[in-house]
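First to last, the protein sequences are chains A and B.
So for the first sequence, our numbering puts the first residue at -6; every next one is plus one.
So for the second sequence, our numbering puts the first residue at -6; every next one is plus one.
To keep things clear, I will list the structure first and then write my remarks on it.
2 protein chains.
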Amino acid sequence: MNASPVAVNAGLSNMIDKGRRDRPTLASDPIAGTNDLNGTPMSQMQNVEKQLREMILGLEIGPGERLTERWVESRFGASRTPVRAALLRLETEGLICRDSRSWTVSPINLAELEQIAVYREAVEVAALRLTCALQDRSAVEIIEAMLDSCDDKTPREEWHRVGMDFHIELARLSGNEFLFRAVRDAMTRLSRARWLEVRDEAALDRAWAQHHAILSAVRVGDANSAARLLSAHIIGSRDRLVTSLRNDRRGLRARGFAVVA
Amino acid sequence: MNASPVAVNAGLSNMIDKGRRDRPTLASDPIAGTNDLNGTPMSQMQNVEKQLREMILGLEIGPGERLTERWVESRFGASRTPVRAALLRLETEGLICRDSRSWTVSPINLAELEQIAVYREAVEVAALRLTCALQDRSAVEIIEAMLDSCDDKTPREEWHRVGMDFHIELARLSGNEFLFRAVRDAMTRLSRARWLEVRDEAALDRAWAQHHAILSAVRVGDANSAARLLSAHIIGSRDRLVTSLRNDRRGLRARGFAVVA
DNA sequence: GATACCGATTTGGGATACCAAGCTGGTATC
DNA sequence: GATACCAGCTTGGTATCCCAAATCGGTATC
């Protein structure tokens, strides 16, 4: 919206202050990565939110761990105001939750995972049907290319990301902002659990084949087939995911990850 | 959740205003109306969020109006910290949005309303099918009773609320928390527009008849019929709503309500 | 009269001080 | 040795204060 410029940000000015003397002022030492893709300076809140989200999704902070505002504050060099704003946002995403008075990284909740899959199925299938009804479905080729960009040498992180983006981008094609956001948010909530799932090569190949099959059906506008394939894919993924986590529950707990239900 | 509503809001108490150093601490003087249904004292953030939401949904603050943190602060007698927290939450609900630097009550967006209806259809139908598959569907009687509680003497506010709660409570029966929240949030976003819709008696009766028909199908477990009826109801409501607002756009603007797209 | 410029005011972003509730560890009592 | 109790620390909630950017008026210039 704003072409809003420049503005090297704000010179804080608390070089005195005993509390966080180790934190340099922003002006003199912009933290790496504090500008967004457009070069627009990101607010502290956005910084904290983004980095904390990445830490949580990347399991650098384990499910069930307690978070204190003061820890986040010192970890990211921001004051409590932006920290609190970021925590509030992450709470609405379901990544953290309040445990009476304190903040906790949301545990992996098996019952929740099952419910999310049902929710995903509803919104993804709806989005898919909209997409199939479009005149111009050429954008599926972009998604196909995205899938094909993964090969043996692709790091696991990339496979993980592309596997989620497949569903998110497919939903985006529908043009319905709400269906798109629903899918994106659901995938975000599933992300950590998918990292913890034990998946063999064969399962990955099967998932990729299913992705391709779905795209093929969309390409020719066969909404019913596409919907059937997508439903089966989502429910199958859910069952494998939940089974894997349930079987590995002890191991996960041993690694310090809270897994409930 | 709550049988909610009501709660005409809270007796503010900011006759003093400018400095609030004369305001005693929360603990020693809980503000009237600041306790939730359980008697648990509500935080200032929750107070501000709840009351501001009611003002926005009740059109006491019109779509498109600008909000300043200072205004909210003085209006509710809270300081900026809880005010900002409340604004952040309302932003994620879509009730307010940022306009570059300042806050704006979200305008009525016709394109958005159409998209929400599609989203609603997806999630409500999915929830309905889950409910139809339940062994015990006796809870539909409670919803039926809720519908029947409205008669000629019922104030319009109550009709409005029950009309929304029908869909929300129906979704709750599915037992899927995500479908439920999706429906609740979608209805919240639609709420203001529904207030502005010009509806005659006949349209209301028709909607009520459709509600009853849907419940009847659910009662006997006829998922396909129920789904068909619900879809038709939602899409029909959407068309009437959007048509009404489009026709009345000038009138709405004259009343100071921003209506876009 | 239109416009460009400049300063005062407003506004959101951030930092920090203070408070009350709750938790913790240690101590005293039985 | 177990338990009740209390002081001190931790933590989230809140109130303020400061800052820079944006906005708004008014004025001077053409």
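C-beta atoms are modelled at their ideal positions from N, C-alpha and C, and glycine is treated no differently.
Since this is a predicted model, take the numbers as computed values, not measurements.
Chain B contacts made by the segment 88 to 112 of chain A, where a contact means CB separation under 8 Å: E105, Q108, I109, V111 and Y112
Cβ distance (whole Å) where I228/A is taken to contact A110/A below 8 Å: Within the first sequence, residue 228/A is the residue found at index 235, counting from 1. Within the first sequence, residue 110/A is the residue found at index 117, counting from 1. Right, their Cβ atoms sit about 7 Å apart.
Runs of alpha helix (DSSP H) lying entirely within the segment 118 to 150 of chain A, each at least 4 residues, in chain order: 133 to 141
S95/B - containing beta strand (DSSP E), residue span: Residue numbering aside, residue 95/B sits at position 102 when the second sequence is read from its first letter. Looking at the DSSP string, the run of the beta strand (DSSP E) that includes S95/B is S95 to V98.
Option nearest L127/B by Cα separation, candidates I54/B, A71/B, L166/B and H153/B: To locate residue 127/B, count along the second sequence from 1; it is residue 134. Nearest option by C-alpha distance: L166/B.
Boundaries of the alpha helix (DSSP H) in which D92/A is found, first to last residue: Here residue 92/A refers to the residue found at position 99 when the first sequence is read from its first residue. Counting along the chain, D92/A falls outside any alpha helix (DSSP H), though it belongs to the beta strand (DSSP E) covering I89 to D92.
Secondary structure of N217/A, DSSP reduced to three states: Taking the first residue of the first sequence as position 1, residue 217/A is located at position 224. The answer is helix: DSSP assigns N217/A an H, G or I state.
Cut-off 7 Å between Cβ atoms - residues of its own chain near R182/A, not counting five sequence neighbours on either side: Counted from its first residue, the first sequence places residue 182/A at position 189. Result list for R182/A: G87 and I109, in chain order.
Span of the alpha helix (DSSP H), counted from its first residue to its last, around N169/A: As a working mapping, residue 169/A is identified with position 176 in the first sequence. Unbroken run through N169/A: none, as it is neither H nor E.
Cutoff 7 Å: V76/B Cβ touching any chain A Cβ: One-based indexing of the second sequence puts residue 76/B at position 83. No, no contact with chain A.
Beta-carbon spacing of R73/B, E58/B below 7 Å: To locate residue 73/B, count along the second sequence from 1; it is residue 80. To locate residue 58/B, count along the second sequence from 1; it is residue 65. Not a contact, by the Cβ cut-off of 7 Å.
Inter-residue spacing [alpha-carbon to alpha-carbon] between I54/A and M38/B: To locate residue 54/A, count along the first sequence from 1; it is residue 61. To locate residue 38/B, count along the second sequence from 1; it is residue 45. Looking at the two C-alpha atoms, the distance is approximately 27 Å.
Proximity winner among R231/B, P100/B, Q44/B and D232/B, relative to R246/B (alpha-carbon distances): As a first step, residue 246/B is located in the second sequence; it is residue number 253 there, counting from the start. Residue P100/B is the option with its Cα nearest to R246/B.
Beta-carbon proximity check, R177/A vs I161/A, cutoff 7 Å: Numbered from 1 along the first sequence, position 184 holds the residue referred to as residue 177/A. Numbered from 1 along the first sequence, position 168 holds the residue referred to as residue 161/A. Contact flag set, yes.
Nearest candidate by alpha-carbon position, reference L223/A, set L234/A, R192/A and S209/A: Taking the first sequence and counting its residues from 1, one reaches residue 223/A at position 230. Looking at the Cα atoms, S209/A is the closest of the given residues.
Selection from L45/A, H226/A and D198/A that minimises the alpha carbon distance to W152/A: Position 159 of the first sequence holds residue 152/A. Among L45/A, H226/A and D198/A, the Cα nearest to that of W152/A belongs to D198/A.
Cut-off 8 Å between Cβ atoms - residues of its own chain near L238/B, not counting five sequence neighbours on either side: Position 245 of the second sequence, counted from the start, is the residue given in the question as residue 238/B. Here the set comprises I101, L103, L106, A186, L189, E190, L245 and V252.
When A120/A, L83/A, L121/A and F159/A are compared against I135/A, the one with the closest alpha-carbon: For this step, residue 135/A is matched to residue 142 along the first sequence. Considering only alpha carbons, the answer is F159/A.
Neighbour flag for L81/B against chain A, beta carbons, 7 Å: Counting from 1 along the second sequence, the entry for residue 81/B is found at position 88. Closer than 7 Å to some Cβ of chain A, the Cβ of L81/B qualifies, so yes.
Pair within 7 Å by beta-carbon distance, V65/A and A115/B: On the first sequence, position 72 is the one that residue 65/A refers to. On the second sequence, position 122 is the one that residue 115/B refers to. Result no, Cβ atoms of V65/A and A115/B do not sit closer than 7 Å.
Beta carbon proximity, F171/A to chain B, threshold 7 Å: For the purposes of this step, residue 171/A is identified with residue 178 of the first sequence, where counting begins at 1. Yes, its Cβ sits closer than 7 Å to a Cβ of chain B.
Min CB distance T181/B to chain A below 7 Å: Start at 1 with the first residue of the second sequence, and residue 181/B comes out as number 188. No, T181/B lies away from the interface with chain A (no Cβ there is under 7 Å from its Cβ).
Beta-carbon spacing of H204/A, L140/A below 7 Å: Stepping through the first sequence from its first residue, residue 204/A is reached at position 211. Stepping through the first sequence from its first residue, residue 140/A is reached at position 147. Yes, Cβ-Cβ distance for H204/A and L140/A is below 7 Å.
Interface flag, T61/A vs chain B, CB-CB below 7 Å: In the first sequence, residue 61/A corresponds to position 68, counting from 1. No - not a single Cβ of chain B is within 7 Å of the one on T61/A.
Sequence-distant residues of the same chain with beta carbon closer than 8 Å to I89/B, five excluded per side: As a working note, residue 89/B is residue 96 in the second sequence. The residues are I49, L60, L80, L83, W96, T97, V98 and S99.
Buried versus exposed call for P148/B [16 or more other C-beta atoms within 10 Å across all chains shown]: The residue given as residue 148/B occupies position 155 in the second sequence. Exposed: under 16 other Cβ atoms inside 10 Å.
Beta-carbon proximity of G214/A to C125/A, cut-off 7 Å: Position 221 of the first sequence, counted from the start, is the residue given in the question as residue 214/A. Position 132 of the first sequence, counted from the start, is the residue given in the question as residue 125/A. A distance below 7 Å separates the beta carbons of G214/A and C125/A.
R59/B in three-state terms, based on DSSP: Taking the first residue of the second sequence as position 1, residue 59/B is located at position 66. Of the three classes helix, strand and coil, the one that applies to R59/B here is strand, per DSSP.
Reduced DSSP category for V191/B - H, G, I as helix; E, B as strand; rest coil: Taking the first residue of the second sequence as 1, we reach residue 191/B at position 198. If DSSP states are grouped into helix, strand and coil, V191/B belongs with coil.
C-alpha gap between G156/A and A254/A, whole angstroms: By one-based count along the first sequence, residue 156/A stands at place 163. By one-based count along the first sequence, residue 254/A stands at place 261. Their Cα atoms are separated by approximately 26 Å.
Within 7 Å, strictly: CB atoms of L172/A and A179/A: Position 179 of the first sequence holds residue 172/A. Position 186 of the first sequence holds residue 179/A. The Cβ atoms of L172/A and A179/A do not sit closer than 7 Å to each other.
T85/B vs T236/A beta-carbon contact at 7 Å: On the second sequence, position 92 is the one that residue 85/B refers to. On the first sequence, position 243 is the one that residue 236/A refers to. No, the Cβ-Cβ distance between T85/B and T236/A is not below 7 Å.
Proximity test, Cβ basis, 7 Å: T85/A and chain B: Walking along the first sequence from the start, residue 85/A turns up at place 92. Interface residue, yes.
Near-chain B residues of the segment 201 to 221 of chain A - C-beta to any C-beta below 9 Å: Hits within the stretch: zero.
Residues bridged to N40/A [DSSP beta-bridge criterion]: Position 47 of the first sequence, counting from 1, holds the residue named residue 40/A. Answer by DSSP bridge pairing: none, since N40/A is not bridged.
Backbone CA spacing between L234/A and E137/B [nearest angstrom]: For the purposes of this step, residue 234/A is identified with residue 241 of the first sequence, where counting begins at 1. For the purposes of this step, residue 137/B is identified with residue 144 of the second sequence, where counting begins at 1. The straight-line gap from Cα to Cα measures roughly 39 Å.
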